[in-house]
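Residue numbering for the sequence shown follows the working numbering, starting at 518 and increasing by one per position. Okay, so here's the structure we're looking at.
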Amino acid sequence: MSSSADRILAAFSKLPPVAGVSFHGGDDDAAAEGGTLAGVLATSRSPRVASENFSTSVLYCLVAVSGRDLTQLSRHEVEQEIVLLPGTTLLGLGSIEAEGLRLVLLEELDVEREPSEARPSGDALDQLFATVSAAVATARAEPPVPVTSPGKFVAPIPFLS
518 MSSSADRILA
528 AFSKLPPVAG
538 VSFHGGDDDA
548 AAEGGTLAGV
558 LATSRSPRVA
568 SENFSTSVLY
578 CLVAVSGRDL
588 TQLSRHEVEQ
598 EIVLLPGTTL
608 LGLGSIEAEG
618 LRLVLLEELD
628 VEREPSEARP
638 SGDALDQLFA
648 TVSAAVATAR
658 AEPPVPVTSP
668 GKFVAPIPFL
678 S
């Protein structure tokens, strides 16, 4: 990795981790099973931004605990960018069709969580899908946003092979 990339990763690592749901667009669900990130993954708190105004057929909904919020550092605050760092492991929780999209739910493997705290299933998983579906419905009702960084939020997810 280049020294400038190393410096950027080091700077991202110094930002406080944020937990929550963010989104990443795609044209297929090839990453639906999850994996470990080989590079930085740009996501957005906005489903509209992440899908470039709903131009994608798949929307990855990422439930993470260690994202880094770049909003205040960005030239384009409207992007509401959250990055996930290399080495982050995402687990596939399933998918549904909603709002004309395939919503794929990925959850970050939380190494701080006790093994007895199971991954969401049943009612908890249904609630997660309801939450992301509602976020998508709300975003669909909003006006289009400028696509300030084409391809940034819809690039293939960089999982290790």
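Backbone N, C-alpha and C define an ideal beta-carbon position, used for all residues, glycine too.
Own chain partners of residue i with C-beta closer than 6 Å, once the 5 adjacent residues on each side are dropped
i    : result
S574 : D544
Per-residue DSSP class, three states only, for residue i
i    : result
V538 : strand
E616 : coil
D545 : coil
V595 : helix
R657 : helix
Chain-order list of residues whose beta-carbon lies under 8 Å from that of residue i (same chain, five-residue window excluded)
i    : result
R636 : L608, L610, E624
Residue i versus residue j - alpha carbon distance
i    : j    : result
H541 : F529 : 19 Å
R546 : S650 : In the sequence under discussion, the amino acid at residue 546 is Asp, which differs from the Arg named in the question. Taking the straight line from one Cα to the other gives about 17 Å.
S519 : L526 : 11 Å
L532 : L554 : 18 Å
A658 : I599 : 22 Å
From the options, residue whose alpha carbon lies closest to that of residue i
i    : options                : result
G668 : V557, A567, S521       : A567
S583 : V535, S521, T560, T648 : V535
S612 : L622, V653, A522       : L622
A615 : S563, I674, F646, A672 : F646
Identified DSSP bridge partners for residue i
i    : result
F676 : L554
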